[in-house]
Amino acid sequence: MNDQSSPQPIPLWIKLAFTAFVAVLTPYYWREYGPTNFLYFCDVALFLAVAAVWTQRPIFASMAAVGITIPQLLWQVDFVGQLFGVPATGMTDYMFDPGISLFARGLSFFHFWLPILLLYLVWRLGYDRRALVAWTGTAWLLLLICYFLMPPAGATLDFPNQPHNINYVYGMDDTQPQQWMPPQAWLGMLFIGLPALLYYPTHLALKTFLPNHLPSKSRKPTVAPSPNAALSNAS
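Numbered according to this note's numbering, the sequence shown spans residues -9 to 225.
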């Protein structure tokens, strides 16, 4: 682990290319799926990455990396497995559905490369250790919003593409709520399980293997030697 006092600049071409992609994706997703689609963790991470490349504040990239690296790694594994006919979970089946436009599937491919970009950003900007608490709080808030305010699994939708069961707050099946336990128990399991099994291990890996960013207030100030000390050392 190396402590890093100041972020390294993000190349301009990355800023422009990534921002252009998000500028295309955002209105398309808004039109096709509605604004509530942006409550998904991966979409929140996408906007945090935009904030990171332009502000160069490590906290934004660090939060996004903590939140989605492991889930999107599973997405990557399943996608590659689909290419070879051995899917791991089936979560990327839609990427090979000819009924979905190639353009829409191309946009959704950001799930594959976004975690790679985030790790690069953290490497350049440094890992901010406050990200674990910041992302966990953000995730809890999103879970509450999705559970209490968004359509549940199996709900009658206002339009076919309306997001429902966002962030799996009612179970892993979008067609019906899970039946293993009471709904509040499932939500509580997400509150505990996501930080314990996904966020904290990612936090440990990032702070161990990537440069760490030290917030200004936590850096030790450099104290110039007093004239008397300098004279004493010289004699």
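Cβ atoms here follow ideal geometry from the backbone N, Cα and C, with glycine treated the same way.
First through last residue of the alpha helix (DSSP H) which encompasses residue i
| i | result |
| --- | --- |
| Phe44 | First, the residue type needs correcting, since residue 44 is Trp and not Phe in the sequence shown. Here the alpha helix (DSSP H) through Trp44 covers 31 to 45. |
| Met179 | 173 to 183 |
| Leu97 | 92 to 98 |
| Leu196 | 190 to 199 |
| Phe138 | 121 to 139 |
Pair within 8 angstroms by beta-carbon distance, residue i and residue j
| i | j | result |
| --- | --- | --- |
| Leu109 | Ala55 | yes |
| Tyr117 | Pro201 | yes |
| Ile4 | Val43 | yes |
| Pro142 | Gln152 | no |
| Ala51 | Leu132 | no |
| Phe86 | Gln72 | yes |
| Gln62 | Ile0 | no |
| Phe8 | Ala39 | yes |
| Ile156 | Thr26 | yes |
| Ile60 | Arg120 | no |
| Ile135 | Leu2 | no |
| Phe37 | Ala129 | no |
| Gly144 | Pro167 | yes |
Coarse secondary structure for residue i, derived from DSSP in three states
| i | result |
| --- | --- |
| Val76 | coil |
| Leu155 | Note on identity: in this sequence residue 155 is Asn, with Leu being the wrong assignment. In this structure, Asn155 counts as coil in the three-state DSSP scheme. |
| Tyr23 | helix |
| Gly116 | coil |
| Gly71 | helix |
| Gly161 | strand |
Original post:
Is the segment 66 to 81 in contact with the segment 19 to 32, if contact means three or more CB pairs nearer than 8 angstroms?
Top reply: no
Original post:
Between the segment 179 to 195 and the segment 55 to 74, do at least 3 Cβ pairs fall closer than 8 angstroms?
Top reply: yes
Original post:
Within the chosen definition, does the segment 147 to 162 reach the segment 170 to 182 through at least 3 CB pairs nearer than 8 angstroms?
Top reply: yes
Original post:
Counting pairs of beta carbons, one from the segment 96 to 103 and one from the segment 111 to 127, are three or more of them closer than 8 angstroms?
Top reply: no
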